[in-house]
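Mapping of the sequence shown onto the UniProt record's numbering: position 229 corresponds to residue 229, and the numbering continues sequentially without gaps. For each residue, glycine too, the CB sits at the ideal point set by N, CA and C. Report on the structure given below.
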Amino acid sequence: MKRILIYKLAVVLLGVFLYTTTISASNKVHLVSVGIADYPGTTNDLTLPAKDAASVKWLYEKNSNAVTAILTNSAATKEAVLSAIRTTFQYSSTDDIVVFFFSGHGYKGGFVAYDGYLSYEEVRQAMSVTHCKNKMIFADACFSGKMRQGSSEVKQEHEKSNVMLFLSSRDNETSIERRDMKNVFFTSCLIDALRGKSDSNRDRTITAKELFKFVSDNVRALSKNKQHPVMWGHFSDDMPVIIW
1 MKRILIYKLA VVLLGVFLYT TTISASNKVH LVSVGIADYP GTTNDLTLPA KDAASVKWLY
61 EKNSNAVTAI LTNSAATKEA VLSAIRTTFQ YSSTDDIVVF FFSGHGYKGG FVAYDGYLSY
121 EEVRQAMSVT HCKNKMIFAD ACFSGKMRQG SSEVKQEHEK SNVMLFLSSR DNETSIERRD
181 MKNVFFTSCL IDALRGKSDS NRDRTITAKE LFKFVSDNVR ALSKNKQHPV MWGHFSDDMP
241 VIIW
């Protein structure tokens, strides 16, 4: 029977293995990295998301065989993001790794692009151009946990899509940024994890389970227990996130 896995702090990752993945350094990573700090007007601006997107792009290019696209600030319109996803992911193979990273504002059910709402369902549909088994979304946005609160139809479609969502905070929490840091808490810990600090068995492959354990523990410590990342979706504990 299929299960939805919801990972939260103090919850042991469930041993549900939906498939077994073998991946080598020759497999490609296909990444679309989006960061929006400068929204239209002045009242909704953030400080670090554009830097977050650049940092994630740099890390994947440095540590893997990567095909990347980056959109920041005014370039990250809804249509531009969806087009980048379709273009970047369409040539991925079954055993490649597909990553959509977003840092900026969020809302119940999705992301806030530069020019309006971008629903999770629209992103999921754009990602459906690939038959890759290793698909993931990293979302660093306030209240990003609300993304899990869509309609029952959306939840059913997500269960079938085999996309891992790693969300920076619960549905009632902000995603904390501090001006003296290069990246916000979640992205900072995510980058440390992807650089190898989360590789508990030192096999040079970061898995979903290793990623969650490291990032959630460290975000909780940095935020003094005010922010709790959530991992959700239909995937294997040992799904590869990066080979470093």
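With a 10 Å radius around its C-beta and 16 neighbouring C-beta atoms as the bar for buried, classify residue i as buried or exposed.
i	result
H105	buried
N162	buried
H30	buried
Y91	exposed
K224	exposed
H131	exposed
T94	exposed
D52	buried
R179	exposed
K133	buried
S200	exposed
N44	exposed
Between residue i and residue j, what straight-line distance do the alpha-carbon atoms span, to the nearest angstrom?
i	j	result
I85	L71	11 Å
residue 246	Y60	Residue 246 falls outside the range modelled here, since the chain spans only 1 to 244, and no answer is possible.
R170	G233	15 Å
S74	K226	31 Å
K135	M127	8 Å
T187	G110	18 Å
K62	V241	14 Å
T87	S168	26 Å
Based on Cα-Cα distance, which residue from the options lies nearest to residue i?
i	options	result
D238	S223, Q227, K224, K213	K213
S216	R202, R178, D140	D140
L206	A76, I97, F111	Leu is not the amino acid found at residue 206; the sequence shown has Ile there. Answer by Cα proximity: I97.
E210	T88, G196, S188	G196
N172	F138, I36, C142, S83	C142
M231	P240, V219, T68, F138	F138
A66	D199, N27, A76	N27
S64	S236, L194, R220, G109	L194
G116	V219, I36, V241, K62	I36
L46	E121, T174, V219	T174
H228	A208, C189, R202, S83	C189
F235	L118, M164, S119, Y120	M164
Would you check if the distance between the CB atom of residue i and the CB atom of residue j is smaller than 7 Å?
i	j	result
I176	R204	no
V56	F100	no
F166	L222	no
P40	S103	no
V81	V34	yes
V123	F89	no
On the premise that residue j lies in contact with residue i, defined as a C-beta separation below 8 Å, what is that separation, rounded to the nearest angstrom?
i	j	result
T77	Y107	About 16 Å separates the two Cβ atoms, so there is no contact after all.
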